[in-house]
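Engineer: Position 237 (the sequence shown) corresponds to 242 in this note's numbering; numbering is contiguous. Each residue gets a CB set at the ideal place from its N, CA and C atoms; glycine is no exception. Note that this is a predicted model, so its numbers are computed, not measured. Take a look at this one; I'll ask things after.
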Amino acid sequence: MSTKATRKNSIVFRLLTLIVLVTSGIALIATLVDVYIGYQNDLSALTRRVNQVQVSALPAISESLWKFDAEQLEIQVNNLLQVEDVVKVELNWRDWNDKDRVFLAQIEEHLSHSVWTQQFNLTHEDPAGGTKQLGILNITADLQHLHDGVVNRAIVTAALQAVQTFFVAWLLLSLIRTLLTQHMETIARFAGQVNINNLQAPLKLNRAKNEERQSDELDNIVNAFNNMRENLLRDIQQRQEFEDALSAQKQANLESQRIAAVAESSNRAKSQFLATMSHEIRTPMNGVIGMVELLRDTELNQNQRHYLDVIHRSGLSLLDIINDILDFSKIEAGKLVLENIEFDLQELMEDCLLLFSSPANHSGIELISYLATDTPTQLKGDPTRLRQLFINLLGNAFKFTESGTIFFDAKTVNINDTTTKIEFSITDTGIGIEQNVQEKLFDSFNQADNSTTRKYGGTGLGLAICKHLSKLMNGDIGVSSQYGQGSKFWFTAEFERVNDISVADTSDSVLSGKNALLMFPNPQLIQTLTNLSRHWGMEVKSALPETAAALLATEGYGKSVDVLVIDHQWPNSHGCEVAQSVVPSLSKSCPILVLSNEDCPYSKEEMRSSRISAWLRKPVVPSQLKSKLEQVANNAVIDDSIATKQLNTYTPDLSHLKILVAEDNKVNQMVIRGMLNRLKTTPDLVGNGKEALEAVKSNTDRPYDLIFMDCEMPVMDGFEASKKIREFEKNSDLPTAFIIALTAHALEEHREAVIASGMNYFLSKPMSLDRLSNTLKQLGLTHTERSL
6 MSTKATRKNS IVFRLLTLIV LVTSGIALIA TLVDVYIGYQ NDLSALTRRV NQVQVSALPA
66 ISESLWKFDA EQLEIQVNNL LQVEDVVKVE LNWRDWNDKD RVFLAQIEEH LSHSVWTQQF
126 NLTHEDPAGG TKQLGILNIT ADLQHLHDGV VNRAIVTAAL QAVQTFFVAW LLLSLIRTLL
186 TQHMETIARF AGQVNINNLQ APLKLNRAKN EERQSDELDN IVNAFNNMRE NLLRDIQQRQ
246 EFEDALSAQK QANLESQRIA AVAESSNRAK SQFLATMSHE IRTPMNGVIG MVELLRDTEL
306 NQNQRHYLDV IHRSGLSLLD IINDILDFSK IEAGKLVLEN IEFDLQELME DCLLLFSSPA
366 NHSGIELISY LATDTPTQLK GDPTRLRQLF INLLGNAFKF TESGTIFFDA KTVNINDTTT
426 KIEFSITDTG IGIEQNVQEK LFDSFNQADN STTRKYGGTG LGLAICKHLS KLMNGDIGVS
486 SQYGQGSKFW FTAEFERVND ISVADTSDSV LSGKNALLMF PNPQLIQTLT NLSRHWGMEV
546 KSALPETAAA LLATEGYGKS VDVLVIDHQW PNSHGCEVAQ SVVPSLSKSC PILVLSNEDC
606 PYSKEEMRSS RISAWLRKPV VPSQLKSKLE QVANNAVIDD SIATKQLNTY TPDLSHLKIL
666 VAEDNKVNQM VIRGMLNRLK TTPDLVGNGK EALEAVKSNT DRPYDLIFMD CEMPVMDGFE
726 ASKKIREFEK NSDLPTAFII ALTAHALEEH REAVIASGMN YFLSKPMSLD RLSNTLKQLG
786 LTHTERSL
């Protein structure tokens, strides 16, 4: 079917028809209105002419009728026929004999069926008797002349209206053609010729350009058409781009699959390399650190002990670097999974505080720890990774702080029925960090000082690991610092709550109600000790040596002091002198507790003369301080040197255990044997898993209680040996030996393999005597903990 418009259904034809009908209708209405008005005007003129008779002829006719002047009456009646359109005059009256009389005058040839009659009453005014009715005059007018005028007027008006309608229709048609239809035809032709090959050419109409002309409907149509054309172009282009992208995506998918396979292979190779590197480095490190620990227990002079301490610290530093690299590789591989076990937050913080006691006391840095008293301490989470966060940030603070204070605190920031979010912060008075460095401080392999002459070491992984660990704990990490004025590192972590126990319960504390006087040069330490003491129920005041005398003399306050706690380190003095200066103002029963960053610095004579009851080594551990305050408050006799000596010389007793060590490295055999000798036992030594299995089989009369099993050994590794030992124990109905894996691997997959092979515990190399002792004690294998 053709899309070209025909003449009969074209818009022009329909518009013309509509215009003609409308204008014709208007013309018809106008004609009718004009004819009607003309007719009414003619009828009104006729009425006025006839009514004029009432004024001009009616009195005379009435007079002639009164006198009965027949001749004059006839003349007057006939004269009425001279009025235009009057064709009949009829006079009705009663004569003197009271008979009805009629006088009729008419024009016969003009009388038609269309007439109009007007009636007038003839009366006579009698001066003596009033008005008297004489008769009735009927005047009839012929309306044919009016009707002919109406017809003629209608014809003329219709003709004029027809001419006018034709002219208007022609004019409108011309305007429509000029303004609309020719442009519509142009648009139709353009639309009919549009295809994908000529979409670039826009639609344009041949219209006069006029800057003042506003946009009209045709402009809107042209703009809409061109917008549609441009949209089509964009759609075509986008579709082409999409098809190209789809094709490229297919290629990219194939390439990504290839890259993923390569990356997976690379990750496996990297993991294997890290595992191998860890094993190969940790194995000799175990020999170095283990032998150093054994050597430190021999008789050494001061220089020799110093050299061994340097070797030991260097070995531990190297071990920290290895651990950082392994942790970072786990994070990158997404294999770092947190534990979820119960732990005591206060104990964990105190343990970390004690780890840094030696560097703090050695460098004279005031290390202070405070756990807000409203913070839950019994939590569920990963204490090992939390400890790692503490150690990394505290180690960082010590690295960049040569003197001053390091403040380690924790407080609750959000808590509900099941979880609590805690904010931990480490604030130091070190060198600070520049603003432009802070923004990238938590990036991998990035440090505040990357120059070749940098003063501070490290891999730059510690803070990056801290960032990932805090995120795993549903927390965040940040730093605020001003260069030259110290730094504050903080992080948040979320834990499950075990119960509502906070830092301490002071309801039954012997310290409740005791008066304590604190004398310390460090304001932050005073504030921390004040908060702790008040939480324990004590009444606390603080003073400096120059203000203490005035305070103690105020209203006898000095005699009410129950315990005096002083610092040993003062700018121009020491604790003994400070104690001697205030002793006279105290009661004789008031004990004095000295906090020092070294072993007891006073002789017995100095302690006696200064009335010093006890001393406590810094950093201040809250549980130790409370215990010491309770002792001195009860006037207990404390020999700190003896207690310390007993604490330092206590080691677990394993003499009741029969122990087998499977280790292929001769140096490591020497290390583990030396450590076990320190624990009062002598183990049997074998060089591989096969020998370990044979030793178990040959000692069925007195089975081994404990087996230390190296994982990688020649002939038969520790995994295979452990499986065969478990199988032999089951088949022989022997008690199961406790097998502890000794391995230089530190990846989680290795730990899982250890448990899967039937071993009971995992102990990574390098191994220290303290860690070995603590592990055996925790597992209940020492003589005092477990009897086998």
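Work out the CA separation of LYS209 and ARG19 for me, nearest whole Å.
Structural biologist: 26 Å
Engineer: For the beta strand (DSSP E) containing GLN138, name the first residue and the last one.
Structural biologist: 135-147
Engineer: Return the chain-ordered ranges of every beta strand (DSSP E) run that is complete within the stretch 529-567 and spans a minimum of 3 residues.
Structural biologist: 544-547
Engineer: Could you have a look at ASN682 and say whether DSSP puts it in helix, strand or coil?
Structural biologist: helix
Engineer: Put GLU222 into one of helix, strand or coil per three-state DSSP.
Structural biologist: helix
Engineer: Identify every residue that forms a DSSP beta bridge with LEU747.
Structural biologist: According to DSSP, which records beta bridges pairwise, LEU747 is partnered with ASP715 and LEU768.
Engineer: Is it buried or exposed for GLN351, if we count other Cβ within 10 angstroms and need 16 for buried?
Structural biologist: buried
Engineer: Count the other C-beta atoms from every protein chain shown that fall within 10 angstroms of the C-beta of ALA75, then say buried if there are 16 or more, exposed otherwise.
Structural biologist: exposed
Engineer: Please identify the residue among PRO550, VAL566, LEU598 and LYS564 whose C-alpha is closest to the C-alpha of SER578.
Structural biologist: PRO550
Engineer: My assumption, with CB atoms under 8 Å, is that VAL293 sits in contact with GLY320. Please give the rounded CB distance.
Structural biologist: 5 Å
Engineer: Starting from the C-beta of THR787, find all residues in its chain whose C-beta is less than 7 Å away, skip the five residues before and the five after it, and write them out in chain order.
Structural biologist: Excluding the 5 residues flanking it on each side, THR787 has same chain C-beta neighbours closer than 7 Å at PRO657, ASP658, LEU659 and LEU781, in chain order.
Engineer: For VAL588, collect the residues of the same chain with a Cβ closer than 6 Å to its Cβ; drop the 5 residues on either side in sequence, then sort them by chain order.
Structural biologist: ARG616
Engineer: Restricting to Cα atoms, I'd like to know which of ARG683, SER737 and GLU696 is closest to THR705.
Structural biologist: SER737
Engineer: Could you check whether GLN487 and GLY437 sit closer than 8 Å to each other, using their CB atoms as the reference points?
Structural biologist: yes
Engineer: Thinking C-beta only, is MET680 closer than 8 Å to LEU774?
Structural biologist: yes
Engineer: Does the Cβ-Cβ distance between LEU358 and PRO528 come in under 8 Å?
Structural biologist: no
Engineer: Taking the alpha helix (DSSP H) that SER390 falls in, what are its first and last residues?
Structural biologist: The sequence shown places Arg at residue 390, not Ser. Run containing ARG390: 388-404, per the alpha helix (DSSP H) assignment.
Engineer: Would you tell me roughly how many angstroms separate the C-alpha atoms of GLY43 and GLN187, rounded to the nearest one?
Structural biologist: A straight-line Cα-Cα distance of about 45 Å links GLY43 and GLN187.
Engineer: Which class does ASP349 belong to by DSSP, given the choice of helix, strand or coil?
Structural biologist: strand
Engineer: Which of the three DSSP states, helix, strand or coil, is assigned to VAL199?
Structural biologist: coil
Engineer: With a Cβ-Cβ cutoff of 8 Å, do GLN81 and ILE66 count as a contact?
Structural biologist: yes
Engineer: Compute the Euclidean distance between the alpha carbons of ASP481 and PRO740, then round it to the nearest angstrom.
Structural biologist: 49 Å
Engineer: Considering GLN726, what are the terminal residues of the alpha helix (DSSP H) in which it resides?
Structural biologist: Inspection of the sequence shows that residue 726 is occupied by Ala rather than by Gln. Residues 723-737.
Engineer: What is the rounded straight-line gap between the Cα of ASP422 and the Cα of GLU444?
Structural biologist: 36 Å
Engineer: Given this structure, state the Cα-to-Cα distance separating GLU428 from PHE494, to the nearest angstrom.
Structural biologist: 11 Å
Engineer: To the nearest angstrom, how far is the alpha carbon of SER601 from that of GLN574?
Structural biologist: 7 Å
Engineer: In chain order, what residues of the same chain have a beta carbon less than 6 Å from the beta carbon of GLU5, not counting five sequence neighbours either side?
Structural biologist: It is not possible to answer for residue 5, since the shown part of the chain is limited to 6 through 793.
Engineer: Among residues of its own chain, excluding the 5 on either side of ILE24, which ones have a beta-carbon nearer than 6 Å to its beta-carbon?
Structural biologist: ALA174 and LEU177
Engineer: Helix or strand or just coil, what does DSSP make of ILE420?
Structural biologist: Taken through DSSP and simplified to helix, strand or coil, ILE420 comes out as strand.
Engineer: State the Cα-Cα distance for the pair ASN83 and ASP90, rounded to the nearest angstrom.
Structural biologist: 14 Å
Engineer: Using DSSP's beta-bridge definition, name the partner residues of TRP71.
Structural biologist: TRP71 pairs with nothing; no bridge assigned.
Engineer: Under the rule that 16 or more other beta-carbon atoms within 10 Å means buried, what is ILE431, buried or exposed?
Structural biologist: buried
Engineer: With ASP131 as the anchor, note down where its beta strand (DSSP E) starts and where it stops.
Structural biologist: 120-131
Engineer: Note down, one range per segment and in chain order, each alpha helix (DSSP H) of at least 4 residues found wholly within the stretch 573-622.
Structural biologist: List check, alpha helix (DSSP H) in window: 580-587 and 609-614.
Engineer: Apart from the five residues on each side of it in sequence, which residues of its chain come closer than 7 Å, Cβ to Cβ, to LYS633?
Structural biologist: LEU598, ALA619 and LEU621
Engineer: Can you tell me whether DSSP reads LEU428 as helix, strand or coil?
Structural biologist: Sequence check: residue 428 is Glu here, not Leu. Of the three classes helix, strand and coil, the one that applies to GLU428 here is strand, per DSSP.
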